[in-house]
Amino acid sequence: MVRYLGPHVKVIRKLGSLRAFTKKKIKRYFKLDTKKRKLSFNKKTSKYKIRLKEKQKLRFNFAISEKQLFNYVKKAIKLKGSSGENLLVALEMRLDNIVYRLGLAPTIISSRQLINHGHIYVDGKVVNIPSFKCKPTNNIKIKDNLVSKRIIEKNIELLDKYFRAPSHLYFNKKKLEAKVINMVKREDIKLIINELLIIEFYSRKV
């Protein structure tokens with residue numbers, strides 16, 4: 277994607293906490309302006325804005341472009357089952373997200389840098405494609421050199437209190453090796469989002 281270079285706090289102020297996008301937090305405060313609230317309320321606009329917000333939350337959280345997200349939506353709709361759940365599973369099983377969920381990087385963008393620089397191996401081969409689709413039985417290892425191990429060990433030390441490997445992943449911290457046990461389940465996806473609203477947002481475009 278074209279990397280977002282603007283202030284991250286501005287994004288989470290609009291969309292709420294996105295832990296995969298940034299670890300920054302915002303102080304919330306509210307200004308009472310009841311007149312403006314009453315005048316600006318519009319049901320049609322409100323529904324569109326709600327769907328747009330959910331779509332933006334997903335896009336920024338997984339650090340993907342509008343075009344990429346649209347392509348994922350089209351594929352999700354063609355699959356059997358819930359289109360919304362299909363969409364989330366496809367994004368969750370990306371290599372950049374798997375590396376992030378293992379606690380090897382503080383954000384998905386940081387995870388992507390590790391992958392691009394050749395620090396991550398899948399089934400014994402270096403994979404430098406962040407969108408690589410992981411599947412059950414995939415073995416994920418860190419490149420066997422001092423630089424790679426130092427980067428990962430530093431990240432693990434900083435992030436250990438925040439991260440625990442989800443049930444579909446296994447991680448051996450001593451060996452710096454991981455395995456995809458099975459496909460992610462909806463209940464293991466921590467992002468608070470209404471995926472059906474995202475499908476509705478794109479329904480007329482697909």
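Position one of the sequence shown corresponds to residue 277 (our numbering), numbered consecutively onward. Ideal Cβ positions, reconstructed from N, Cα and C, are used throughout, including at glycine.
Minimum C-alpha distance to residue 465 - residue among 376, 455, 478, 365: Here residue 465 refers to the residue found at position 189 when the sequence shown is read from its first residue. Closest option to residue 465, Cα to Cα, is 365.
Could you tell me which of 349, 346, 337 sits nearest to residue 388, measuring between CA atoms? Locating residue 388 in the sequence shown gives position 112, where the first residue counts as 1. Ranked by how close their Cα comes to the Cα of residue 388, the residues 349, 346, 337 have 337 in first place.
My output table needs one value for residue 441: the three-state DSSP class, helix, strand or coil. Taking the first residue of the sequence shown as position 1, residue 441 is located at position 165. Of the three classes helix, strand and coil, the one that applies to residue 441 here is coil, per DSSP.
Sort out for me which residues DSSP pairs residue 405 with in a bridge. Position 129 of the sequence shown, counted from the start, is the residue given in the question as residue 405. Partner(s): none; residue 405 has no beta bridge.
For a test of the three-state rule: what should DSSP assign to residue 471, helix, strand or coil? For the purposes of this step, residue 471 is taken as the residue at position 195 of the sequence shown. Residue state, collapsed to three classes: helix.
Taking 8 Å as the cut-off, does the stretch 411-428 touch the stretch 447-458 (at least 3 CB pairs, one atom from each stretch)? With the cut-off at 8 Å, the stretch 447-458 and the stretch 411-428 touch.
Minimum C-alpha distance to residue 339 - residue among 354, 327, 328, 370: The count along the sequence shown starts at 1 and reaches residue 339 at position 63. Nearest C-alpha to residue 339: 370.
By how many angstroms is the C-alpha of residue 471 removed from the C-alpha of residue 408? Counting from one through the sequence shown, the residue named residue 408 turns up at place 132. Counting from one through the sequence shown, the residue named residue 471 turns up at place 195. Between the C-alpha atoms of residue 408 and residue 471 there is a straight-line separation of about 22 Å.
Count the other C-beta atoms from every protein chain shown that fall within 10 angstroms of the C-beta of residue 312, then say buried if there are 16 or more, exposed otherwise. The count along the sequence shown starts at 1 and reaches residue 312 at position 36. Note that residue 312 scores 49 on pLDDT, short of 50, meaning its location in the model is unreliable and no value can be drawn from it.
One question on the structure: do residue 432 and residue 333 come within less than 8 Å of each other, judged by their Cβ atoms? Reading the sequence shown from its first residue, position 156 is the one you call residue 432. Reading the sequence shown from its first residue, position 57 is the one you call residue 333. Not a contact, by the Cβ cut-off of 8 Å.
For residue 307, does the count of other Cβ atoms within 10 angstroms reach 16, so buried, or fall short, so exposed? As a working note, residue 307 is residue 31 in the sequence shown. Confidence is the limiting factor: at residue 307 the pLDDT is only 47, short of 50, which leaves the residue's position unreliable, though a coordinate-based value still follows. Counting the other Cβ atoms within 10 Å of the Cβ of residue 307 gives fewer than 16, which makes it exposed.
Cα separation between residue 383 and residue 393? Within the sequence shown, residue 383 is the residue found at index 107, counting from 1. Within the sequence shown, residue 393 is the residue found at index 117, counting from 1. Residue 383 and residue 393 have their alpha carbons spaced roughly 16 Å apart.
Cross-strand partners of residue 454 (DSSP beta bridge): Taking the first residue of the sequence shown as position 1, residue 454 is located at position 178. Answer is 416, 447, bridged to residue 454.
Nearest-angstrom beta carbon gap, residue 461 and residue 444 [assumed within contact, 8 Å]: The count along the sequence shown starts at 1 and reaches residue 444 at position 168. The count along the sequence shown starts at 1 and reaches residue 461 at position 185. Their Cβ separation, rounded to whole angstroms, is 7 Å, which keeps residue 444 and residue 461 in contact under 8 Å.
Strand pairing of residue 398, partner residues [DSSP]: Along the sequence shown, read from residue 1 onward, the residue named residue 398 stands at position 122. In DSSP, residue 398 forms a bridge with 401, 416.
Spatial distance of residue 330 from residue 390 (CA atoms): Taking the first residue of the sequence shown as position 1, residue 330 is located at position 54. Taking the first residue of the sequence shown as position 1, residue 390 is located at position 114. Cα-Cα distance, rounded: 28 Å.
Please list, in chain order, all residues of the same chain as residue 342 whose beta carbon is under 8 Å from its beta carbon, the five residues on each side excluded. Taking the sequence shown and counting its residues from 1, the one referred to as residue 342 is at position 66. Result list for residue 342: 335, in chain order.
Answer with buried or exposed for residue 359, where buried requires no fewer than 16 other C-beta atoms within 10 angstroms of its C-beta. Along the sequence shown, read from residue 1 onward, the residue named residue 359 stands at position 83. Around the beta carbon of residue 359, a 10 Å sphere encloses 16 or more other beta carbons of the protein chains shown; the residue is thus reported as buried.
Is the beta carbon of residue 367 less than 8 Å from the beta carbon of residue 348? Translated into positions along the sequence shown, residue 367 becomes position 91. Translated into positions along the sequence shown, residue 348 becomes position 72. Contact flag set, yes.
What number of angstroms, rounded off, separates the C-alpha of residue 346 from the C-alpha of residue 385? For the purposes of this step, residue 346 is identified with residue 70 of the sequence shown, where counting begins at 1. For the purposes of this step, residue 385 is identified with residue 109 of the sequence shown, where counting begins at 1. Rounded to the nearest angstrom, the two C-alpha atoms are 20 Å apart.
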